[in-house]
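Enquirer:
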Amino acid sequence: NAGVMQNPRHLVRRRGQEARLRCSPMKGHSHVYWYRQLPEEGLKFMVYLQKENIIDESGMPKERFSAEFPKEGPSILRIQQVVRGDSAAYFCASSPTDFYNEQFFGPGTRLTVL
Amino acid sequence: LAKTTQPISMDSYEGQEVNITCSHNNIATNDYITWYQQFPSQGPRFIIQGYKTKVTNEVASLFIPADRKSSTLSLPRVSLSDTAVYYCLVVTGAGSYQLTFGKGTKLSVIP
C-alpha cells in the first residue's frame, strides 16, 4: 500500500508566479490535510478537505492561497503570485476518517521563491 | 488546546535509553497526548498516543502520571537512525484533525 504521495518534491518559482502542489492520499483515505513548515519551526495546519469539500480552512492565508480535493484526482494546494515569504516545506497528510488517532504524512514539497 | 513545552535538543550515545519529557499543564479531560517523529526532509510519522499511565508499542513507551500535566517518551537503546525531531502534541478526543506542532526536541544520537 503506497503511502501519501506529493509532487513535485522541490519547486522553484519567481516572485509573482503561481505554485501548484499536488497530494495523493493513501488508498482508502478520503480526508486530506495540508500543513506548512518554515525552517526550524513546527508544522502549522492550513486546511482540511474531504472529497469535493473544504471542511476547515482556518489556517489558510486569506489571499492567494486555495485548496481543492476533487472527486477524481489528487488534492491541489495553489499559491498565486508567490512571494519570498511563501518559501517553506508544504506537507500533506491523510487519514481514513476524520477523528482518527493518526495522520499519515507525505514527504513534502519544498517551495523556494526567488 | 493545551500548550506543550519540551526541550529544544538532546544528545545521547548509541545504545542508551532516551527519555524526552513534555509539559502540558493545561491539558483538558478529553485530551490525549500524541508523539510524532520527523526525520530531515521527511514528513512526521506517528509514534505513540496515550491518555494515562503507560502505553508501550514496538517503537517506544509513553509514561503519563496521574495528574497528566506532563508525559515522557522513552526510546529504548537508541541507534543513529533515531536521530530526528520528536514532537509532543495534545489532541482533543481520540483524534483531532488540526494537529498543533511546536518546535519539537531535536535528538542527536552520537556513535
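Chains C and E, in that order, give the protein sequences.
-14 is the number of the first residue of the first sequence in our numbering; add one for each residue after it.
14 is the number of the first residue of the second sequence in our numbering; add one for each residue after it.
Glycine included, every Cβ here is placed at the ideal spot set by N, Cα and C.
Is L112 of chain E close to chain C? Criterion is C-beta to C-beta, closer than 8 Å.
Expert: Numbered from its first residue, the second sequence carries residue 112 of chain E at position 99. Answer yes: the Cβ-Cβ gap between L112 of chain E and chain C drops below 8 Å somewhere.
Enquirer: With a threshold of 8 Å between beta-carbons, can P92 of chain C be considered close to chain E, or not?
Expert: As a position in the first sequence, residue 92 of chain C is number 107, starting the count at 1. So yes, P92 of chain C belongs to the interface.
Enquirer: Tell whether a beta-carbon distance below 8 Å holds between R58 of chain E and Y45 of chain E.
Expert: Residue 58 of chain E sits at position 45 when you count from the first residue of the second sequence. Residue 45 of chain E sits at position 32 when you count from the first residue of the second sequence. Against a cut-off of 8 Å, the Cβ pair of Y45 of chain E and R58 of chain E comes out as no contact.
Enquirer: Mind checking which residues open and close the beta strand (DSSP E) that includes L62 of chain C?
Expert: Indexing the first sequence from 1 puts residue 62 of chain C at position 77. Note, L62 of chain C: beta strand (DSSP E), 60 to 64.
Enquirer: Please list the terminal residues of the continuous beta strand (DSSP E) segment that includes T66 of chain E.
Expert: Sequence index remark: in the second sequence, residue 66 of chain E carries index 53 (1-based). Looking at the DSSP string, the run of the beta strand (DSSP E) that includes T66 of chain E is 66 to 69.
Enquirer: In terms of alpha-carbon separation, which member of E:T118, E:V122, E:P124 lies closest to S22 of chain E?
Expert: Residue mapping note: residue 22 of chain E aligns to position 9 of the second sequence, counting from 1. When each option's Cα is compared against that of S22 of chain E, the closest is E:T118.
Enquirer: Which same chain residues end up closer than 8 Å to E3 of chain C when comparing Cβ atoms and leaving out the 5 residues on each side of it in sequence?
Expert: Counting from one through the first sequence, the residue named residue 3 of chain C turns up at place 18. Cβ within range, chain order: R63, I64, Q65, Q66, V67.
Enquirer: Just how far apart, CA to CA, sit S72 of chain C and V(-11) of chain C?
Expert: Walking along the first sequence from the start, residue 72 of chain C turns up at place 87. Walking along the first sequence from the start, residue -11 of chain C turns up at place 4. Cα-Cα distance, rounded: 22 Å.
Enquirer: Taking the DSSP output, what are the residues bridged to H(-5) of chain C?
Expert: In the first sequence, counting from the first residue as 1, residue -5 of chain C sits at position 10. For H(-5) of chain C, which the question treats as bridged, DSSP gives the partners C:R95.
Enquirer: So, with DSSP's three-state summary, where would you put R69 of chain C?
Expert: Translated into positions along the first sequence, residue 69 of chain C becomes position 84. Three-state result, R69 of chain C: helix.
Enquirer: Please go through the same chain and pick out, in chain order, the residues whose beta-carbon is closer than 6 Å to the beta-carbon of S9 of chain C, but skip the five residues on each side of it.
Expert: Counting from one through the first sequence, the residue named residue 9 of chain C turns up at place 24. Cβ neighbours of S9 of chain C beyond the five flanking positions: M(-10), P59.
Enquirer: Between L6 of chain C and I61 of chain C, which are expected to be in contact by the criterion C-beta below 8 Å, what is the C-beta distance as a whole number of angstroms?
Expert: Mapped onto the first sequence, residue 6 of chain C falls at position 21. Mapped onto the first sequence, residue 61 of chain C falls at position 76. Going by Cβ atoms, the distance from L6 of chain C to I61 of chain C rounds to 7 Å, so yes, they are a contact pair.
Enquirer: Does the distance from the CB of S87 of chain E to the CB of A97 of chain E come in under 8 Å?
Expert: The residue given as residue 87 of chain E occupies position 74 in the second sequence. The residue given as residue 97 of chain E occupies position 84 in the second sequence. Cβ atoms of S87 of chain E and A97 of chain E: not closer than 8 Å.
Enquirer: Around the Cβ of S94 of chain E, are there at least 16 other Cβ atoms within 10 angstroms (buried) or fewer (exposed)?
Expert: Locating residue 94 of chain E in the second sequence gives position 81, where the first residue counts as 1. By the 10 Å Cβ count, S94 of chain E comes out exposed.
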